[in-house]
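**Q** Here you go, one structure.
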Amino acid sequence: MIIKNISKFKVENGVIIPLILFGIISIISIYCTKSALGSEFQDYWLKQGIWYVIGFSLAYFMMFLGNKFLYNNAWWFYSFGVLSLILVLFFGVTRKNATCWFKIPYIGTIQPSEFMKVFLIIILARLIHEFNEKYIEPTIQEEFKFLIKILILVAIPSALTFIEPDTGAVMIYLIITATMLFIGGIRKRWFIIAILLVGAILGTGTLIYISNQDLFIKIFGTGLFYRIDRITNWSASSGMQLKNSLIAIGSAGIFGHGFNHTPIYFPEMQTDFIFSVIASNFGLLGASLLILLIIFFDMNLIHTTFKANDFMDKYAIGGVIAVLLFQQVQNISMTIGLLPIMGITLPFISYGGSSLLSYMLLVGMIFNVSNESLRYTN
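Start counting at 1 in the sequence shown, then tack on 793, and there's your number in this note's numbering.
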């Protein structure tokens, strides 16, 4: 069963219908934050609706361009993304000690790090495909040189984003890279080596943090110290944001407090903690239905991957699925105290124009794969 779009364009219902439902859920849940937020946040639900209209238009416009256009111009997109990350450090606006956004008159703010993940997926898909075409059975030396190239490519935007600081986005970049390399068939030994190195670095840093916090600050700076301190607050179940989130969710019961009845305030309720708002207003039932819809959507994306005829599309969709799963699990888990609070939003649900538009760009790539598959089948 398919939905026909603009004559020759076709998209599977299993992809398009969940996206429409996500839009409805997002607007309703953001509306439910009005009673707990100030006057400047009262129209966020309306703005989210506008972002969704723009986002769907952008996704369908991607079908006119085609994924080949994106891969052919991958280096231009990557360069533009890196340049935007540099410029935002000098000309961006600062909020809560983070300089992550450009101020656009009459529009709001744009966060370059959100779009960088799109450009990173595009360039990695192209490079991995070119490497696999050039070397059918690469030697260890050839793989090592390729991985060094990828490491430099990913390290540049990661370092710039870390400076902002936006640790959550850096983690997303690394997860995208690791997943796409794994799908691309890179030898497993490199992943084992990477895990051991990361474990050693994290272990050393944690040891210094525990034994001598002054030395930790001298080596890594106060910014990283406060980020680690935030994780330790989570492990101790402290912090007003988490406590109030747990109170809102725990008191909701099966059916919740009712539409637009969020009983307690917690920071970032329209963005990072939107799942708490949904669980608070609509209870265990509403939260469970959302999780089931997310699982259904993800399963259909995985199914779409198997339909892709182009290897670059397979690598790209693999990266999309990986980052979606990471953000979904991380966001929902942090709102109920299972994982550290990292400032990571719930895709398609949390408020944010940059986040939503970046994912709709990726959705446009998936639309292209779905369209080609359906036209070939027919």
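All residues carry an ideal CB built from backbone N, CA and C; glycine is no exception.
#1: Using 10 angstroms around the beta-carbon of S800, count the other beta-carbons present and answer buried if the total reaches 16, otherwise exposed.
#2: Between H922 and the rest of its own chain, which residues show a CB-CB distance below 7 Å, the 5 nearest in sequence each way excluded?
#3: Going by Cα to Cα distance, which pick from M1092, G1145, I897 and Q1034 is closest to I820?
#4: Less than 8 Å separating the beta-carbons of T1138 and S1126?
#5: Let me check understanding here. Comparing Cα to Cα, which of I945, I1095, S1038 and N1102 lies closest to N1074?
#6: At a cut-off of 7 Å, is A962 close to the ligand NAD when judged by its beta-carbon and the heavy atoms of the ligand?
#7: Check for me: the alpha helix (DSSP H) holding K981 runs from which residue to which?
#8: Okay, do the region 936-946 and the region 885-894 touch, 3+ Cβ pairs below 8 Å being the bar?
#9: Tell me whether the beta-carbon of S1151 lies closer than 8 Å to the beta-carbon of K910.
#10: Quick one: Cα of I897 to Cα of A993, how far?
#11: Can you list, in chain order, the residues of its chain whose CB lies under 8 Å from that of S828, leaving out five sequence neighbours each side?
#12: Mapping the DSSP letters down to three states, classify K889 as helix, strand or coil.
#13: Nearest to F1141 by alpha carbon, out of E805, I810 and V804?
#14: Among L940, I988 and N1005, which has the Cα closest to the Cα of I979?
#15: Ends of the alpha helix (DSSP H) at T954?
#16: Look at the alpha carbon of L1154 and the alpha carbon of R982, and state the distance between them as a whole number of angstroms.
#17: Check whether the region 914-933 touches the region 854-870, taking contact to mean three or more Cβ pairs, one atom from each stretch, closer than 8 Å.
#18: By the DSSP assignment, the alpha helix (DSSP H) with T791 in it spans what residues?
#19: Tell me whether Y899 is buried or exposed, calling it buried when 16 or more other Cβ atoms sit within 10 Å of its Cβ.
#20: Note the first and the last residue of the continuous alpha helix (DSSP H) segment covering G1076.
#21: Buried or exposed: F883, going by 16 or more other Cβ atoms within 10 Å of its Cβ?
#22: When you compare each of L1082, V963 and Q1034 to G1130 by their alpha carbons, which one comes out closest?
#23: Would you kindly work out how many angstroms separate the C-alpha atoms of L989 and L1000, rounded to a whole number?
#24: With distances taken from CA atoms, which of G901, E935, M1158 and G1136 is nearest F834?
#25: Considering only DSSP beta bridges, list what I748 is partnered with.
#26: Could you check how far apart the C-beta atoms of G1157 and L851 are, in whole angstroms? I think they sit under 8 Å.
#27: Does F895 come out as helix, strand or coil in the three-state DSSP assignment?
#28: What is the DSSP secondary structure of I879, reduced to helix, strand or coil?
#29: Nearest-angstrom Cα distance between M856 and F862?
#30: Taking I903 as part of the beta strand (DSSP E), name the residues at either end of that continuous run.
#31: In the DSSP assignment, the alpha helix (DSSP H) including F854 goes from what residue to what residue?
#32: Mark N1102 as exposed unless 16 or more other C-beta atoms lie within 10 angstroms of its C-beta, in which case mark it buried.
#33: Is E923 helix, strand or coil when you go by DSSP?
#34: Looking at F1160 and V875, is the spacing between their C-beta atoms short of 8 Å?
#35: Work out the CA separation of I1057 and L814 for me, nearest whole Å.
#36: Nearest CA to the CA of W838: which residue from G848, G831 and T826?
**A** According to the structure shown:
#1: The predicted position of S800 is uncertain, since its pLDDT is 45 and thus under 50; no value can be drawn from it.
#2: Here the set comprises F1104, M1105 and Y1108.
#3: Here the closest residue by C-alpha is G1145.
#4: With respect to S1126, T1138 sits apart: the two C-beta atoms are not nearer than 8 Å.
#5: Restricting attention to I945, I1095, S1038 and N1102, the CA atom closest to the CA of N1074 is found in S1038.
#6: Only the bare structure without any ligand can be found here, which leaves the ligand NAD out of the picture.
#7: K981 to S1004 is the extent of the alpha helix (DSSP H) around K981.
#8: Verdict: no, contact absent.
#9: Note that the C-beta distance between S1151 and K910 is below 8 Å.
#10: Going by the C-alpha atoms only, they are around 42 Å apart.
#11: Excluding positions up to five away in sequence, the list reads N1053, H1054 and T1055.
#12: Look at K889 here: in three-state DSSP terms it is coil, with no helix or strand label.
#13: Minimum Cα distance to F1141 is reached at I810.
#14: That would be L940, whose Cα lies nearest to the Cα of I979.
#15: Per DSSP, T954 belongs to the alpha helix (DSSP H) from I933 to I956.
#16: Spanning the two alpha carbons is a distance of roughly 33 Å.
#17: The region 914-933 is in contact with the region 854-870.
#18: Any property of residue 791 remains undetermined from this structure, which presents the chain solely from 794 to 1171.
#19: Y899 comes out exposed.
#20: It spans I1067 to K1100 - the alpha helix (DSSP H) in which G1076 sits, taken as one unbroken run.
#21: That one is exposed.
#22: Comparing Cα-Cα distances from G1130 to each of L1082, V963 and Q1034, the minimum goes to Q1034.
#23: Roughly 16 Å between the two C-alpha positions.
#24: Nearest C-alpha to F834 among G901, E935, M1158 and G1136: G901.
#25: Nothing in the structure corresponds to residue 748, since the chain is present only between 794 and 1171.
#26: The C-beta separation of G1157 from L851 comes to about 6 Å, placing the pair in contact by the 8 Å criterion.
#27: When DSSP states are grouped into helix, strand and coil, F895 belongs to the strand group.
#28: I879 carries a helical assignment under DSSP once its states are collapsed to helix, strand and coil.
#29: Rounded to whole angstroms, M856 and F862 show a C-alpha spacing of 10 Å.
#30: Its beta strand (DSSP E) spans residues G901 to I903.
#31: F854 -> alpha helix (DSSP H) spans Y837 to L858.
#32: Here N1102 is exposed, its C-beta having fewer than 16 other C-beta atoms within 10 Å.
#33: E923: helix per DSSP, three-state reduction.
#34: With respect to F1160, V875 sits apart: the two C-beta atoms are not nearer than 8 Å.
#35: Using only the alpha carbons, I get a separation of about 26 Å.
#36: Taking the Cα of W838 as reference, the smallest distance to any Cα among G848, G831 and T826 is reached at T826.
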